[in-house]
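Protein chains in written order, with the numbering used here: chain W, -4 to 452; chain X, 26 to 359.
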């Protein structure tokens, strides 16, 4: 199949509007839930008055931390957060602005929306920390990065190597938040049938959704049936389920009736985690011949105190360029802001931007073609990581890129054009193929990432 | 969304009377902004008067050569109109730079003029906003104010007007026809129609509650080139950080004899710069002239932190747009 254009089996259904996404499923007597989110950044709910909301037309239930059933705690020993319990509105604590604090369930969506604005909440705000730059002195090294990578690596003696290099670039790159905004906002419909719950949800990992729901509401995973023919766009935001799913499950159980809940566009940036802001320092030192002598990539990002998240920013750097003296370092700062989560190409999208821009700056310093600079730094010669390139692959890829860009990259009069290139590398751990195929009951043909997925390494 | 009653009217006078008869009522046309605001309960009308079917959709040339655009004309129809495209390309460019195809198919000319700011804090009912709730303070002053005003703002409000169309209309010197129940139709210029925020940012225009916009009239355009340039974070479906509408008339000896300049994204209203127009008129069409006009246009601009960059961006955008328009303008030989 490599090199051939292959049509997606579900393409026609998607482009003709016949694909059914999670929130589009219908059920008789369905109820609609609307999530209420916190309007302070840190503190506690002092009082939550739902009396007016409960009297509003069509309202069937208002769930808050005061009446929600007990939920399981996240099991930190599970290597991936997606499989862990995701307790929601389980306490009066507000961890970040936009934290879910309640769910209003009504006969129509409009009734639920109207009633959600009648819930009166008194907060006791607490002091928090929100500014990454102001807190860099508090940065700490995480025990490990996702997939067990070490936070720091060192080869040779970076400082000495860098100081001795005839050409040096020392640059900071600051990247803002990066949010996934999938085509279908995170949404879920739950239909209780007997002891079973049928969960219609767009998820990137069906098995993780089931495990997370079961662990949260503390029931046998066999009682949970996840129906997810279409992810509806994920970009990482649907690797795990969030408040929409847990609250739909809790409400459907509580009322023993079908309930659907969707995040609004705005709630996606309040309830779903995102790639945190990062401050990256890149130091590249090279000789007259354009070969790297020293390379350092240091990253500071933030994490919510409750669940540590470390974007593996400099991991790709470890295997991208050869240099006798190398250093990578990841540091975290605890901030009372939205949770960090994997967003499309975690680590690579953020880290390679910093590294590759700095490589372009180095090419400019030396006065060498930026693609030529990459060819001269073929990692094959010195790197012996798990991601070993085939000999010659690197140079031929660079040469191909140069041909595709119309020969040598030539600087034009405008500083913004013609001065740069960019390489990307991502590592994938190969696992035995999972020879299972599923015929989905609803008749849709699709294959959401099955468990276990091919983990990014 | 709060419950509301609804009626549909078929002639403009009845529309005014219908709104006058109900307290807390509002006109609805395309609804592309109002319905969003009602869902968030930022607008809470108890009665809606649907004016989308009023016979105000004509786009026609008047005997004196002006162009009259009915208030109910859809944005997409105005943009595609052959007369508009031929004689007022700056208006077509501005319209097509705004919103999305679907929204332009719904949005009316009158509604476009009256759309509310997209300031995040105006939409965030948990934040202080003097425009939404007079006296509540302005969270944007010390908040994320990258998109906010640099000209004509006040300590009560630094929101910007979001329309692209209105910026082109300001450069064209268009007037707005307003029907009120008590009087006959009155005409006001774009500059007279909008208000700066001052201490009452909740009052955005000089339109009274019962009045209805019936048309927009653009005088015959100056001869020469026209252009609308919009600078924004992404190239579609996004509001302007800075936009500029420019019209230039240039004589055979390269002297600018007439200039129109209006900015969007920088103020509480479309910001016509007569100062820049004066600085251009009678001067040669050369970069030094554009630079001088750009400097004078932005004189007195105040950044609020995140939006400091807009001051230089506005200068650059005007300078570049003037050069672009000069390049496409045939020199007039008299």
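Beta carbons: idealized from backbone N, C-alpha and C, even for Gly.
What residue from the options has the CA that sits closest to residue i's CA?
i, options, result
"residue 223/X", "276/X, 242/X, 159/X", "159/X"
"residue 16/W", "390/W, 309/W, 225/W", "225/W"
"residue 255/W", "243/W, 262/W, 320/W", "243/W"
"residue 342/W", "269/W, 96/W, 49/W, 373/W", "269/W"
"residue 124/W", "37/W, 232/W, 311/W, 360/W", "37/W"
"residue 115/W", "46/W, 249/W, 313/W", "46/W"
"residue 48/W", "99/W, 141/W, 353/W", "99/W"
"residue 253/W", "395/W, 3/W, 194/W, 50/W", "194/W"
"residue 220/W", "183/W, 339/W, 192/W", "192/W"
"residue 210/W", "387/W, 82/W, 372/W", "82/W"
"residue 336/X", "228/X, 278/X, 113/X, 171/X", "171/X"
"residue 297/W", "397/W, 237/W, 285/W, 325/W", "325/W"
"residue 246/X", "127/X, 112/X, 353/X", "112/X"
"residue 319/X", "344/X, 307/X, 190/X, 213/X", "344/X"
"residue 58/X", "211/X, 79/X, 143/X, 351/X", "143/X"
"residue 190/X", "270/X, 72/X, 87/X", "270/X"
"residue 339/X", "290/X, 103/X, 351/X", "290/X"
"residue 464/W", "39/W, 0/W, 55/W, 105/W", "Because chain W here runs from -4 to 452, residue 464/W falls outside it and cannot be looked at."
Does the CB of residue i have a neighbour CB from chain X at under 7 Å?
i, result
"residue 411/W", "Reliability fails at residue 411/W, whose pLDDT of 45 lies under 50, so the model's placement of it is uncertain and the value that follows must be treated cautiously. So no, residue 411/W is outside the interface."
"residue 155/W", "no"
"residue 112/W", "yes"
"residue 407/W", "Low per-residue confidence applies at residue 407/W: pLDDT is 47, beneath 50, and the placement is therefore not dependable enough to give any value."
"residue 302/W", "no"
"residue 34/W", "yes"
"residue 105/W", "yes"
"residue 431/W", "Unreliable placement is indicated for residue 431/W, whose pLDDT of 47 sits below 50; the coordinate value is still reported in the next sentence. Answer no: the Cβ-Cβ gap between residue 431/W and chain X never drops below 7 Å."
"residue 10/W", "no"
"residue 381/W", "At residue 381/W the pLDDT is 43, less than 50, meaning the model places this residue with poor confidence; the figure from the coordinates comes in the next sentence. Chain X contact via Cβ: absent."
List, in chain order, every chain X residue whose beta-carbon is nearer than 8 Å to that of residue i.
i, result
"residue 108/W", "26, 64"
"residue 42/W", "Neighbours of residue 42/W on chain X: none; closest Cβ ~17 Å, over 8 Å."
Quick check on residue i - is its C-beta less than 7 Å from some C-beta in chain B?
i, result
"residue 151/X", "The structure shown contains no chain B; the protein chains it does contain are W and X."
Using the C-alpha atoms, what's the distance from residue j back to residue i?
i, j, result
"residue 349/X", "residue 115/X", "13 Å"
"residue 190/W", "residue 274/W", "49 Å"
"residue 62/X", "residue 145/X", "12 Å"
"residue 412/W", "residue 248/X", "Summary for residue 412/W: the model assigns pLDDT 47, below 50, so the residue's position carries little reliability; its value from the coordinates is reported in the next sentence. Going by the C-alpha atoms only, they are around 35 Å apart."
"residue 138/X", "residue 284/X", "23 Å"
"residue 110/W", "residue 75/W", "37 Å"
"residue 294/X", "residue 169/W", "34 Å"
"residue 235/W", "residue 265/X", "35 Å"
"residue 91/W", "residue 118/W", "13 Å"
"residue 264/W", "residue 356/X", "52 Å"
"residue 195/X", "residue 288/X", "9 Å"
"residue 130/W", "residue 161/W", "34 Å"
"residue 41/X", "residue 93/W", "41 Å"
"residue 389/W", "residue 314/W", "12 Å"
"residue 230/X", "residue 203/X", "12 Å"
"residue 283/W", "residue 357/W", "11 Å"
"residue 14/W", "residue 186/W", "20 Å"
"residue 126/X", "residue 99/X", "11 Å"
"residue 227/X", "residue 178/X", "13 Å"
"residue 254/X", "residue 176/W", "28 Å"
"residue 222/W", "residue 172/W", "31 Å"
"residue 86/X", "residue 92/X", "5 Å"
Between the beta-carbon of residue i and the beta-carbon of residue j, is there less than 7 Å?
i, j, result
"residue 67/W", "residue 80/W", "yes"
"residue 200/W", "residue 77/W", "yes"
"residue 272/W", "residue 292/W", "no"
"residue 197/X", "residue 292/X", "no"
"residue 28/W", "residue 246/W", "yes"
"residue 348/W", "residue 135/W", "no"
"residue 368/W", "residue 285/W", "yes"
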